[in-house]
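In order, the protein sequences belong to chains R and H. Note that the first sequence ends on residue 828 in the numbering used here; no numbers are left out. Note that the second sequence ends on residue 828 in the numbering used here; no numbers are left out. Each residue gets a CB set at the ideal place from its N, CA and C atoms; glycine is no exception. Heads up, the thing below is written out as structure tokens.
Number of protein chains: 2
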Amino acid sequence: MSKRVGIREVAAAAGVSVTTVSHSLSGGGQLSDATRKRVRSVAESLNYTPNRLASGLRSKRSQIIGFVSDEISTTPYAGNMLLGAQDAAAAHDQVLMVVNSNRNAQLEARGIDALLQHRVDGIIYARMYHQAVELPAALSGVPTVFLDASNESSDLSSVVPDEEGAALTAMDHLIEAGHRRIGYLNNIDDIPATRGRLAGYRAALAKHGIPFDESLIALSESMTGPGRDAASRLLARPDRPTALFCFNDRIAMGAYQAAHLARLAIPHDLSIVSIDNFEVLADALLPGLTSIALPHYEMGRWAAERLAAELAGEADSPPEQIRMHCPLVLRQSVGPPLR
Amino acid sequence: MSKRVGIREVAAAAGVSVTTVSHSLSGGGQLSDATRKRVRSVAESLNYTPNRLASGLRSKRSQIIGFVSDEISTTPYAGNMLLGAQDAAAAHDQVLMVVNSNRNAQLEARGIDALLQHRVDGIIYARMYHQAVELPAALSGVPTVFLDASNESSDLSSVVPDEEGAALTAMDHLIEAGHRRIGYLNNIDDIPATRGRLAGYRAALAKHGIPFDESLIALSESMTGPGRDAASRLLARPDRPTALFCFNDRIAMGAYQAAHLARLAIPHDLSIVSIDNFEVLADALLPGLTSIALPHYEMGRWAAERLAAELAGEADSPPEQIRMHCPLVLRQSVGPPLR
DNA sequence: CTGTTAGCGCATTCAA
DNA sequence: TTGAATGCGCTAACAG
Numbered sequence: 490m491s492k493r494v495g496i497r498e499v500a501a502a503a504g505v506s507v508t509t510v511s512h513s514l515s516g517g518g519q520l521s522d523a524t525r526k527r528v529r530s531v532a533e534s535l536n537y538t539p540n541r542l543a544s545g546l547r548s549k550r551s552q553i554i555g556f557v558s559d560e561i562s563t564t565p566y567a568g569n570m571l572l573g574a575q576d577a578a579a580a581h582d583q584v585l586m587v588v589n590s591n592r593n594a595q596l597e598a599r600g601i602d603a604l605l606q607h608r609v610d611g612i613i614y615a616r617m618y619h620q621a622v623e624l625p626a627a628l629s630g631v632p633t634v635f636l637d638a639s640n641e642s643s644d645l646s647s648v649v650p651d652e653e654g655a656a657l658t659a660m661d662h663l664i665e666a667g668h669r670r671i672g673y674l675n676n677i678d679d680i681p682a683t684r685g686r687l688a689g690y691r692a693a694l695a696k697h698g699i700p701f702d703e704s705l706i707a708l709s710e711s712m713t714g715p716g717r718d719a720a721s722r723l724l725a726r727p728d729r730p731t732a733l734f735c736f737n738d739r740i741a742m743g744a745y746q747a748a749h750l751a752r753l754a755i756p757h758d759l760s761i762v763s764i765d766n767f768e769v770l771a772d773a774l775l776p777g778l779t780s781i782a783l784p785h786y787e788m789g790r791w792a793a794e795r796l797a798a799e800l801a802g803e804a805d806s807p808p809e810q811i812r813m814h815c816p817l818v819l820r821q822s823v824g825p826p827l828r
Numbered sequence: 490m491s492k493r494v495g496i497r498e499v500a501a502a503a504g505v506s507v508t509t510v511s512h513s514l515s516g517g518g519q520l521s522d523a524t525r526k527r528v529r530s531v532a533e534s535l536n537y538t539p540n541r542l543a544s545g546l547r548s549k550r551s552q553i554i555g556f557v558s559d560e561i562s563t564t565p566y567a568g569n570m571l572l573g574a575q576d577a578a579a580a581h582d583q584v585l586m587v588v589n590s591n592r593n594a595q596l597e598a599r600g601i602d603a604l605l606q607h608r609v610d611g612i613i614y615a616r617m618y619h620q621a622v623e624l625p626a627a628l629s630g631v632p633t634v635f636l637d638a639s640n641e642s643s644d645l646s647s648v649v650p651d652e653e654g655a656a657l658t659a660m661d662h663l664i665e666a667g668h669r670r671i672g673y674l675n676n677i678d679d680i681p682a683t684r685g686r687l688a689g690y691r692a693a694l695a696k697h698g699i700p701f702d703e704s705l706i707a708l709s710e711s712m713t714g715p716g717r718d719a720a721s722r723l724l725a726r727p728d729r730p731t732a733l734f735c736f737n738d739r740i741a742m743g744a745y746q747a748a749h750l751a752r753l754a755i756p757h758d759l760s761i762v763s764i765d766n767f768e769v770l771a772d773a774l775l776p777g778l779t780s781i782a783l784p785h786y787e788m789g790r791w792a793a794e795r796l797a798a799e800l801a802g803e804a805d806s807p808p809e810q811i812r813m814h815c816p817l818v819l820r821q822s823v824g825p826p827l828r
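In structure tokens, the structure reads:
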């Protein structure tokens with residue numbers, strides 16, 4: 490290996506000073522285009538790779554964004570948020586340093602500490618399911634934006650899915666297909682999604698003048714097995730619903746199974762819509778499951794973009810707290826009601 | 490904010506020199522336990538946070554590991570590899586800087602360049618599906634280990650699943666349950682998994698003295714729909730197999746659907762085993778799908794651990810190329826053959 | 001056992 | 001328009 494080439498080697502080779510090189514490369518200073526170009530080509534031919542540790546140390550900008558999440562692993566959604574954030578960060582010449590806590594506060598604290606030691610410029614504090622969070626103490630004073638997470642009393646920017654709107658979209662679709670007795674398989678946890686989607690369910694009914702019937706709601710854990718049981722309960726009723734709106738695709742898969750067990754054909758005897766658009770399921774089910782997509786990629790992107798803006802803008806832009814639209818993805822699980 | 494506290498502030502407050510502080514904190518040097526402890530507590534009380542940019546610049550060790558993958562997003566496996574790598578890295582006081590290329594060589598090159606600019610100590614070059622890869626040119630000379638990827642002609646360490654062993658385990662399970670006519674729904678792509686699992690399938694047959702019957706093999710894309718079609722073909726035969734071994738869980742889901750369509754009960758009329766143990770499917774299917782787990786977390790861990798060892802050991806340890814064992818996860822999709 | 005000192009590679013005044 | 005000099009915060013000789 491040849492000796493590592495630094496800014497001074499480039500300067501020597503180009504016959505200029507290090508200052509000129511620095512300016513040429515970073516776009517700063519007042520240089521003639523000629524020198525700038527020449528320096529750049531010299532740098533390239535020398536295979537120069539700027540040392541961001543040094544420039545970060547000097548300029549107090551590491552160009553690193555910390556991404557802390559609760560669990561990147563189990564959820565299949567995670568990846569898209571990360572990806573969105575990464576793409577946006579890359580556009581700003583930043584790179585992501587990721588840390589996840591596995592829902593363990595102590596690990597999270599350690600991870601955050603590591604990020605801070607590496608002098609990340611800012612942090613994206615993400616959750617894999619939309620939830621209310623507290624800003625960790627260590628992060629006070631650090632530029633931070635919440636991703637798929639929010640905090641009422643905080644003045645930080647955040648982005649979450651529009652839960653209520655998502656449910657409304659799903660229900661509108663069902664109601665426009667002609668359904669009026671629509672069961673809702675809701676999640677059992679007390680999280681924003683549970684509350685927001687229920688609100689959307691009710692809002693849709695109200696909007697279309699359909700009375701709300703508490704008995705059409707069944708609660709279930711967000712998994713297929715429990716979803717199946719809950720759906721079976723609803724389908725066993727003499728006046729069974731003609732359509733089911735499901736909290737998520739895993740529960741919807743349970744609803745499919747319950748329908749099979751009850752010898753109900755989808756969508757002929759029963760229509761189903763859910764939320765997640767988790768393709769491994771929604772696309773695989775027979776028939777394909779019509780589902781509302783959660784905009785994970787877009788949220789990730791927005792968070793990184795927003796953070797970059799806050800890092801750039803010296804002292805403007807009040808925090809924004811966004812609820813992002815969730816689009817309907819049509820497949821084959823909805824048809825007109827039987828009767 | 491109080492002025493940022495650095496090593497010199499700590500030194501002043503503790504009444505020692507910066508060297509002593511540095512040594513106390515890093516564990517180096519020959520200090521009395523007393524001073525070491527005192528310095529540490531002073532540092533803590535001052536809320537000192539070491540600046541890794543500076544220490545990295547000076548020591549030429551950023552303590553950052555680059556993690557480059559092809560697509561973190563779509564696959565649900567990804568997370569666990571990242572997680573394993575992260576856990577192992579954290580144990581070595583390292584942190585992960587992640588970059589993914591979305592299967593785009595140009596993006597990958599840019600990402601790698603960014604990592605190199607940040608002076609990562611080493612790189613984990615990962616694929617989300619086991620595949621043969623070439624080491625990117627930019628990485629020559631950089632400590633690298635392959636994760637779920639390998640390169641025959643390279644002298645780098647790598648870890649991949651033991652594809653053949655996985656298939657063997659699955660087949661043994663079926664054969665021990667009494668099956669002899671076992672169909673194989675293989676993937677259609679020419680990748681190590683396709684070849685390895687087929688080899689395992691044949692090895693298992695040979696081991697138990699069962700003749701290989703080419704016609705019991707059906708090819709399918711690794712998705713549920715195509716898997717369903719392929720399974721239907723096999724199940725339509727007059728001498729249909731009593732069991733199906735599936736390339737992965739998505740194909741297995743298709744096999745379940747084909748069984749339903751053919752009015753075959755699982756496992757009464759048809760046993761199924763597959764590979765992936767992708768819980769969102771395997772656990773959700775009715776009955777639960779017996780599947781071989783791919784050791785993603787463990788591979789991720791191994792890769793980071795191995796890289797750390799290479800970074801520590803100056804010039805020992807020849808490269809290791811590991812095939813990792815894949816354990817069987819029992820659920821309810823296997824029973825004795827009907828006849 | 002502890003302190004002094006000299007850079008790591010770069011960005012940035014300030015002068016020329 | 002360019003160059004010389006200074007130090008970001010820390011580690012690692014080397015001295016004491």
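Which residues in the same chain have their Cβ closer than 6 Å to the Cβ of residue i, if we skip the five residues on either side of it in sequence?
i, result
"ALA797/R", "HIS581"
"LYS526/R", "none"
"CYS735/R", "LEU674, ALA741, ALA744 and SER763"
"LEU778/H", "ALA741, ALA771, ARG820 and SER822"
At 7 Å on the CB atoms, spell out the chain H contacts of residue i, in chain order.
i, result
"ILE561/R", "GLY568, LEU571 and LEU572"
"SER551/R", "LEU542"
Closer than 8 Å by beta-carbon distance: list the chain R residues that pair up with residue i, in chain order.
i, result
"PHE538/H", "Going by the sequence as given, residue 538/H is Thr instead of Phe. Near THR538/H (Cβ distances below 8 Å), the residues of chain R are ASP602, LEU605 and GLN606."
"ALA695/H", "What ALA695/H touches in chain R: nothing, since even the nearest Cβ is about 33 Å away."
Which bits of chain H does residue i rub up against, with CB to CB less than 8 Å?
i, result
"THR779/R", "The contacting residues do not exist; THR779/R stays about 16 Å from chain H at best."
"ALA500/R", "Residues of chain H passing the Cβ test: none, with the nearest at roughly 18 Å."
"MET660/R", "Within 8 Å Cβ-Cβ: nothing; MET660/R doesn't reach chain H, min ~25 Å."
"LEU546/R", "ASN540, LEU542, ALA543 and LEU546"
With a CB to CB cut of under 8 Å and the five nearest residues on each side skipped, what residues in its chain are close to residue i?
i, result
"PRO700/R", "LEU694"
"PRO756/R", "PRO776, GLN821, SER822, VAL823 and GLY824"
"PRO539/R", "ILE496 and LEU514"
"HIS814/H", "ASP651, GLY654 and PRO784"
"PHE556/H", "LEU571, ALA574, LEU585, MET586, VAL587, VAL588, ILE612, ILE613 and ALA615"
"MET490/R", "Per-residue confidence for MET490/R stands at a pLDDT of 34, beneath the threshold of 50, marking its modelled position as unreliable; the derived number appears in the next sentence. Closer than 8 Å at the Cβ level, and outside the excluded window around MET490/R, lies no residue."
Going along chain R, which residues have a C-beta under 7 Å from residue i?
i, result
"THR633/H", "Residues of chain R passing the Cβ test: none, with the nearest at roughly 15 Å."
"LEU708/H", "Under the 7 Å cutoff, chain R gives no residues; its nearest Cβ is about 18 Å from LEU708/H."
Give the single residue among the options whose Cα lies nearest to the Cα of residue i.
i, options, result
"ASP702/R", "LEU723/R, ASP758/R and ASN737/R", "LEU723/R"
"ASN591/H", "LEU585/H, LEU604/H and THR564/H", "THR564/H"
"VAL649/H", "LEU753/H, VAL818/H and GLY685/H", "GLY685/H"
"LEU774/H", "ASP738/R, ARG726/R, ILE811/R and GLY714/R", "GLY714/R"
"LEU624/H", "TYR690/H, ASP610/H, ARG608/H and SER647/H", "SER647/H"
"SER558/R", "ALA577/R, SER551/R and TYR566/R", "TYR566/R"
"ASN737/H", "ARG717/H, ALA754/H and VAL510/H", "ARG717/H"
"GLU710/H", "MET660/H, GLY630/H and ASN676/H", "ASN676/H"
"ALA659/H", "ALA688/H, LEU546/H and GLN810/H", "ALA688/H"
"ALA707/H", "LEU542/H, THR683/H and ALA692/H", "THR683/H"
If you drop the 5 nearest sequence neighbours on each side, which residues of the same chain put their C-beta closer than 7 Å to that of residue i?
i, result
"VAL505/R", "THR524 and VAL528"
"HIS668/R", "THR731, ALA732, SER760 and PRO826"
"ALA502/R", "VAL531 and LEU535"
"VAL609/R", "SER551, ILE553, ILE554, GLY555 and MET586"
"LEU800/H", "ASP610, GLY611 and PRO632"
"SER806/H", "ALA798 and GLU799"
"VAL494/H", "LEU535, ASN536 and TYR537"
Along chain H, in chain order, which residues have C-beta atoms closer than 9 Å to that of residue i?
i, result
"GLN575/R", "ILE561, VAL587, VAL588, ASN589 and GLY600"
Since residue i and residue j are thought to touch, with beta carbons under 8 Å apart, how far apart are those beta carbons, to the nearest angstrom?
i, j, result
"ARG790/H", "ALA577/H", "5 Å"
"GLY568/H", "ILE781/R", "23 Å between Cβ atoms; not a contact."
"ASP728/R", "ARG670/R", "7 Å"
Taking contact to mean at least 3 C-beta pairs separated by less than 8 Å, is the stretch 619–628 of chain H in contact with the stretch 756–768 of chain H?
With the cut-off at 8 Å, the stretch 619–628 of chain H and the stretch 756–768 of chain H do not touch.
Sufficient close CB pairs (3 or more, under 8 Å) joining the stretch 766–775 of chain R to the stretch 596–608 of chain R:
Taking a contact to require three or more Cβ pairs closer than 8 Å, the stretch 766–775 of chain R and the stretch 596–608 of chain R do not qualify as touching.
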